[in-house]
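Everything on this sheet refers to the single structure shown next.
2 protein chains.
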Amino acid sequence: MTATDTYLLLRAFCDELARAGVAHVATSPGSRSTPLVLSLVREPRLRAWSHVDERSAAFFALGVAKATGLPSAIVCTSGTAAANYLPAVIEAHEARVPLIVLTADRPPELRDNGAGQTIDQLKLYGSAVKWFVEVGSHEWSRERERWIRTLASRAVLTALEGRPGPVHLNFPLREPLVLDAPLPAAAGGRPDGAPWVSSTPPAGNPPAATLSGTRRGVIVAGREERGAWRGVGALAEGLGWPVLADPLSGARRGAAAIAHYDALLRDEAWGAAHAPEVVLRVGDLPTSKSLRTWLAGLDAEQIAVDPEGAWQDPAGVVSRRLDNLPVRAGAADPDWLYAWRAADRVVVEALEAAVGADLTEPRVAVELGARLPSAATLVVASSMPVRDVETFFPLRPDPPRVLSNRGANGIDGTVSTAFGVAATATPEERTVLLIGDVALAHDIGGLLAARRLSLDLTIVLLNNDGGGIFHFLPVAGETDAFEQHVATPHGLDFAHAAALYGCDHERVEDLGSFRTALDAALATPGASIVEVPTERVANVEAHRRAWEAVRAALSAA
Amino acid sequence: MTATDTYLLLRAFCDELARAGVAHVATSPGSRSTPLVLSLVREPRLRAWSHVDERSAAFFALGVAKATGLPSAIVCTSGTAAANYLPAVIEAHEARVPLIVLTADRPPELRDNGAGQTIDQLKLYGSAVKWFVEVGSHEWSRERERWIRTLASRAVLTALEGRPGPVHLNFPLREPLVLDAPLPAAAGGRPDGAPWVSSTPPAGNPPAATLSGTRRGVIVAGREERGAWRGVGALAEGLGWPVLADPLSGARRGAAAIAHYDALLRDEAWGAAHAPEVVLRVGDLPTSKSLRTWLAGLDAEQIAVDPEGAWQDPAGVVSRRLDNLPVRAGAADPDWLYAWRAADRVVVEALEAAVGADLTEPRVAVELGARLPSAATLVVASSMPVRDVETFFPLRPDPPRVLSNRGANGIDGTVSTAFGVAATATPEERTVLLIGDVALAHDIGGLLAARRLSLDLTIVLLNNDGGGIFHFLPVAGETDAFEQHVATPHGLDFAHAAALYGCDHERVEDLGSFRTALDAALATPGASIVEVPTERVANVEAHRRAWEAVRAALSAA
Chain A
-2 MTATDTYLLL RAFCDELARA GVAHVATSPG SRSTPLVLSL VREPRLRAWS HVDERSAAFF
58 ALGVAKATGL PSAIVCTSGT AAANYLPAVI EAHEARVPLI VLTADRPPEL RDNGAGQTID
118 QLKLYGSAVK WFVEVGSHEW SRERERWIRT LASRAVLTAL EGRPGPVHLN FPLREPLVLD
178 APLPAAAGGR PDGAPWVSST PPAGNPPAAT LSGTRRGVIV AGREERGAWR GVGALAEGLG
238 WPVLADPLSG ARRGAAAIAH YDALLRDEAW GAAHAPEVVL RVGDLPTSKS LRTWLAGLDA
298 EQIAVDPEGA WQDPAGVVSR RLDNLPVRAG AADPDWLYAW RAADRVVVEA LEAAVGADLT
358 EPRVAVELGA RLPSAATLVV ASSMPVRDVE TFFPLRPDPP RVLSNRGANG IDGTVSTAFG
418 VAATATPEER TVLLIGDVAL AHDIGGLLAA RRLSLDLTIV LLNNDGGGIF HFLPVAGETD
478 AFEQHVATPH GLDFAHAAAL YGCDHERVED LGSFRTALDA ALATPGASIV EVPTERVANV
538 EAHRRAWEAV RAALSAA
Chain B
-2 MTATDTYLLL RAFCDELARA GVAHVATSPG SRSTPLVLSL VREPRLRAWS HVDERSAAFF
58 ALGVAKATGL PSAIVCTSGT AAANYLPAVI EAHEARVPLI VLTADRPPEL RDNGAGQTID
118 QLKLYGSAVK WFVEVGSHEW SRERERWIRT LASRAVLTAL EGRPGPVHLN FPLREPLVLD
178 APLPAAAGGR PDGAPWVSST PPAGNPPAAT LSGTRRGVIV AGREERGAWR GVGALAEGLG
238 WPVLADPLSG ARRGAAAIAH YDALLRDEAW GAAHAPEVVL RVGDLPTSKS LRTWLAGLDA
298 EQIAVDPEGA WQDPAGVVSR RLDNLPVRAG AADPDWLYAW RAADRVVVEA LEAAVGADLT
358 EPRVAVELGA RLPSAATLVV ASSMPVRDVE TFFPLRPDPP RVLSNRGANG IDGTVSTAFG
418 VAATATPEER TVLLIGDVAL AHDIGGLLAA RRLSLDLTIV LLNNDGGGIF HFLPVAGETD
478 AFEQHVATPH GLDFAHAAAL YGCDHERVED LGSFRTALDA ALATPGASIV EVPTERVANV
538 EAHRRAWEAV RAALSAA
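Quick mapping for you: the protein sequence lines, in order, are chains A and B.
Last residue of the first sequence? That's 554 in our numbering, and every number before it is there in order.
Last residue of the second sequence? That's 554 in our numbering, and every number before it is there in order.
Following this line, the structure appears as structure tokens:
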């Protein structure tokens, strides 16, 4: 077996990845991975993005795949390099994002015996991947090329079909790792650029169910990155049902959408008075605790549209699962949707007054919802920003797309994910990241993409010097350990981070400055940080004031 | 089951960890982990170190365990937090470092059904841990307290015994997560602070083997962090054998130690002329490629002292394994050791002349070897620094301890490991990290320990703006992809990183400034970066000149 054998087969493999729709690969440096990396970089239909940290590379590729709906690839060398992929691989599994994980390995004779940079990579990601293949090493033959073309086709189809997710192919590679002669011309795959194996999805959509005799229903629309459920708006308008629309669903728009269900349902009396007969759930279950509590307590038929088998039902209240949106049925109760819409408008006004014009965390969420161009994508970090966006993002006819790593809800890799989204955007489709200081500190190395990859990203940083969300929880009272081990203040001056990574940076203290800085950042190429200093305890008070104002307004209405 | 049940059992668990010798725990923020974190922090015999990034936390704890030889603990919340531990867990497995991994989890009723921040944590680390336990949730009882005390004892003993390594305990925790009443006084464990279960190691050492009739042997001493093989010096002197001593063995000292085997054995003729009849291998196989090649080609009996079952023998040349150092045997050939020692001295002089007084990467390794106080610990990063230290570190009677993450040879987590080592040091025992720019960029977030944990660490940064080691490999000729995807230059000005994390920083351009800056850094509390700018291509030339000079000197001698 020669390097030529390896490179011939890898060239065919990469050709098939491209034919199957893979368009981006995130690389990381290493030696053992040389044949894989060179073959990927030399495939002209793949855009190769270099990352020093494999954890960042994997979250970057996750962002690419979330933004495009198509699998992206990651490639790393042997050893703990591959272990650094695990957080993003798990997020891809939980969020059902297709990802092609390619790891270089030492061959069997160099494993577990003191050869350098060698770990047990077989089934390294355990239950988090849909498919694992130990690729082996091979002499080129016509038969073997067919096999590896099939392997690439199958990897992409497996990542996409059914419940999407990551697949892992492990490539043992032997020295020599570079070619000593030019590679012969490519033998080629199927004619006309077709993939080696194509797959026909089931003919048409699954049959639509009928909901009969129901007059009062609600649709709960949660995270769905490919926008599959944007059609719920039309369905809801036909049914006369409200859509409680998480911004992550893409459905917070149109005449039936309810934006402020989180605030509304914090008023238990209002929630009890507006109990539906049926709940239709599409996408992931939204984060809102008031919504989750309300759903768990309803005496209603709950139906999940769940073609990917996500089983988003911790309360165990769903009694029926569907593969597709049901067709309309039953006569609408005109007062029902009207009552929800009227209440939502009451909340909008109460929130607007309560949030006020100070530059608080709720205000930033409102502003982004109102000001971001329709063509923008907003990436939202866990834990507080995604909640603030859910609570405060307004209803508008043309909302920007909102993405978030809400499979496992980690704060890790958020910056890198946002850069991955940015890698898929045109100059008009600006990418904006809303992130807190702890998540930024966690993935600070992700900012290296700003220096190395020339991508456009506007980072809106809410800096309250610690984990603001924990102040909402009972643990905040455990004062012997809370600050140091839970809130974890760090005192970082992110202006230095911006200087390190070549980002613009501006700290803004009032609403006017924020608007000016945000608009300027959106109009400027490259990466920039618009930093909003806030205060953790005051932030809890601002939220509680807002909820109290909503409750008072609903009582008065 | 109440929070009191949970906290009573966790208090007993933490009490047992401390009784069994665990002294340090690295925490990370989260909500689900609250009972675990509070119980650990409240155990007065544990020092709790807070980290924002779980990957850093795990490498920090690895550093603590490497430096002390005792297990350290890590604790994180549910979700991808736990996935970020994997790189350090694998390094601990490969390097045989005891580590107690404590992960909080959601209970079974909140798994895989849309509850937040929940992933499949069962056997998350696969084959990298020695023991996995799903701890479950329990009402307190006398019997259950005995069980959990046994569990803690057993976790520590399992991590330490036989082949040391990590163990993983997964704790499903239910709300409420904080106590609503003070905890009753502790029931207590065994009298006199004894652990619940103690374990008697096998009586005495395993019987020592006898090597009969051998006159020409060499001892190869590789990485062994607990200094178990420092006794090889006396054995070697008695046998009249040279010790080819990796600095990571602690054995590069004394009358039989050979420091410059890497340079010596690059001269194949010299190596062939000095082939031994027997090779005794202790510790891990050193990194040196010339040594590995020489060992693989020898027609000699090769014996591995390998009580931990590490099987460090990729060439498959070991024919005998021992659990303990053999006793001396046979009459020494006085010329044999003399020839090695004389050659080593020739190399010292040739290297000193070839390395010269310019501030190159080899010169920095020489300087650290000569100047670091005996009480210091030097942590060395992969990939070039560990090789430079192996090649250039001088022989001296009182060398500093040298540690390196050479289980899986990753560059990840190196900064955090060094801070973990620093956490175990007294003010006199300064910790120094020798690291390249790519490894520093990879674990840049590890510098947050400088700001938050008040530890003393001197970082000597070799900054050649990319992965210098790759220039030694054939891939350097693949110019279409080499710079962007393999060398990965980043242009980082680490002065900004120092400002971000509150480290001192000095860039030095000549040897005198380096010495002054190093001495100043060693005398100053806190963290500092002494940055040495170098150049990747010039670095290859400097190394090749040094090896050529050694070859010429050996020919002339």
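Idealized CB from N, CA, C, for every residue including glycine.
Would you call the region 437 to 452 of chain B and the region 449 to 459 of chain A in contact, with 3 or more CB pairs under 8 Å? At 8 Å Cβ cutoff, the stretches do not touch.
Identify the contact partners of Pro471 (chain A) in chain B, using a Cβ-Cβ distance below 8 Å as the criterion. The answer, in chain order, is Pro173, Leu174, Val175.
Which whole-angstrom value is the C-beta distance of Phe168 (chain B) and Leu35 (chain B), which I expect to be below 8 Å? Contact doesn't hold; Cβ gap of about 13 Å is too wide.
Looking only at its own chain, which residues have a Cβ that is under 7 Å from the Cβ of Ile87 (chain B), when we skip the five neighbours before and after it? Ala125, Ala405.
Helix, strand or coil, according to DSSP, for Cys11 (chain B) in the structure here? The answer is helix: DSSP assigns Cys11 (chain B) an H, G or I state.
Burial state of Tyr335 (chain A) (16 or more Cβ within 10 Å): Exposed.
For Ile97 (chain B), decide whether its Cβ has a neighbour in chain A, counting only Cβ atoms nearer than 8 Å. Answer no: the Cβ-Cβ gap between Ile97 (chain B) and chain A never drops below 8 Å.
So is Thr521 (chain B) buried or exposed if we call it buried at 16+ other beta carbons inside 10 Å? In the assembly as shown, Thr521 (chain B) is an exposed residue. Its beta-carbon has fewer than 16 other beta-carbons within 10 Å.
Of the listed residues A:Val94, A:Leu232, A:Glu528, A:Thr357, nearest to Ala492 (chain A) (C-alpha basis): Among A:Val94, A:Leu232, A:Glu528, A:Thr357, the Cα nearest to that of Ala492 (chain A) belongs to A:Glu528.
Which residues in the same chain as Ala546 (chain B) place their Cβ atom closer than 6 Å to its Cβ, once the five residues preceding and following it in sequence are excluded? Excluding sequence positions up to five before and after Ala546 (chain B), its CB lies within less than 6 Å of the CB of Ala347, Ala351, all in the same chain and listed in chain order.
Step through the CB atoms of chain B and report whether any lies within less than 8 Å of the CB of Asn110 (chain A). Taking Cβ atoms only, chain B reaches closer than 8 Å to Asn110 (chain A), which makes this a yes.
For a contact defined as C-beta to C-beta under 9 Å, what are the partners of Gln114 (chain B) on chain A? Correct list: Ser379, Ser380, Ala405, Asn406, Gly407.
My output table needs one value for Arg163 (chain A): the three-state DSSP class, helix, strand or coil. Correcting the residue type first, residue 163 (chain A) is Pro in the shown sequence and not Arg. Of the three classes helix, strand and coil, the one that applies to Pro163 (chain A) here is strand, per DSSP.
For Ala55 (chain B), which residues of its own chain have a beta-carbon under 6 Å away from its beta-carbon, when the five flanking residues on both sides are left out? Within the same chain, Ala55 (chain B) has close Cβ partners Ile71, Tyr82, Ala85.
Counting along the chain, where does the alpha helix (DSSP H) carrying Thr207 (chain B) start and finish? Segment: none, Thr207 (chain B) is in no alpha helix (DSSP H) and carries neither H nor E.
Residue from B:Thr455, B:Asp281, B:Leu121 whose Cα sits closest to the Cα of Pro163 (chain B): Among B:Thr455, B:Asp281, B:Leu121, the Cα nearest to that of Pro163 (chain B) belongs to B:Leu121.
Test: Trp308 (chain B) CB closer than 8 Å to a CB of chain A: Trp308 (chain B) belongs to the set of residues whose beta carbon lies under 8 Å from a beta carbon in chain A.
Quick one: grab the DSSP three-state call for Thr411 (chain A). Three-state result, Thr411 (chain A): helix.
Inter-residue spacing [alpha-carbon to alpha-carbon] between Arg555 (chain B) and Arg338 (chain B): As displayed, chain B neither begins before -2 nor continues past 554, which places residue 555 (chain B) out of reach and without an answer.
Return the CA-CA distance between Ala293 (chain A) and Thr115 (chain A), expressed in angstroms with no decimal places. Take the alpha-carbon of Ala293 (chain A) and the one of Thr115 (chain A): they are about 48 Å apart.
Does Asn81 (chain A) come within less than 8 Å of chain B when only Cβ atoms are used? Yes, Asn81 (chain A) lies at the interface with chain B (some Cβ there is under 8 Å from its Cβ).
Would you kindly work out how many angstroms separate the C-alpha atoms of Asn321 (chain B) and Arg398 (chain B), rounded to a whole number? Using only the alpha carbons, I get a separation of about 22 Å.
From the DSSP output, read off the bridge partner residues of Asn460 (chain A). Asn460 (chain A) is bridged to A:Pro530.
Residue from A:Pro239, A:Val38, A:Asp259, A:Asp355 whose Cα sits closest to the Cα of Ser510 (chain A): Comparing alpha-carbon positions, the option among A:Pro239, A:Val38, A:Asp259, A:Asp355 lying closest to Ser510 (chain A) turns out to be A:Asp355.
Would you call the CB atoms of Ala233 (chain A) and Trp226 (chain A) closer than 8 Å? No, the pair does not count as a contact, with Cβ atoms beyond the cut-off.
At least one CB of chain A closer than 8 Å to the CB of Lys120 (chain B): is that the case? The beta carbon of Lys120 (chain B) falls within 8 Å of a beta carbon belonging to chain A, placing the residue at that interface.
So which residues of chain A does Gln481 (chain B) contact, with C-beta pairs closer than 7 Å? At a C-beta separation below 7 Å, Gln481 (chain B) has these neighbours in chain A: Ser47.
Using the C-alpha atoms, what's the distance from Ala62 (chain A) back to Gly251 (chain B)? One C-alpha to the other measures close to 58 Å.
Are Ala255 (chain B) and Ala269 (chain B) close, meaning C-beta to C-beta below 8 Å? As written in the sequence, residue 255 (chain B) is Ile, which differs from the Ala given in the question. No, these two residues do not count as a Cβ contact at 8 Å.
In whole angstroms, give me the CA-to-CA distance for Pro41 (chain A) and Val429 (chain A). Annotation: Pro41 (chain A) to Val429 (chain A) spans about 29 Å, alpha carbon to alpha carbon.
Tell me which same chain residues have a C-beta within less than 6 Å of the C-beta of Val38 (chain B), skipping the five on either side of it? Correct list, in chain order: Ala45.
Here's the rule I'm using: 16 or more other beta-carbon atoms within 10 Å means buried, otherwise exposed. How should Pro68 (chain B) be labelled? So Pro68 (chain B) ends up on the buried side.
So that I know if they touch, is there some Cβ in chain E lying closer than 8 Å to that of Arg317 (chain B)? No chain E is present in this structure, whose protein chains are A and B.
Buried versus exposed, by CB contacts within 10 Å (16 or more), Val94 (chain B): Looking at its Cβ environment, which holds 16 or more other Cβ atoms inside 10 Å, Val94 (chain B) is buried.
When you compare the region 387 to 395 of chain B with the region 411 to 424 of chain B, are there three or more beta-carbon pairs, one atom per stretch, that lie closer than 8 Å? The region 387 to 395 of chain B makes no contact with the region 411 to 424 of chain B, as fewer than three CB pairs between them are under 8 Å.
Who are the neighbours of Ser246 (chain A) on chain B, taking C-beta pairs under 8 Å? Result: empty, since nearest Cβ-Cβ is about 14 Å, beyond 8 Å.
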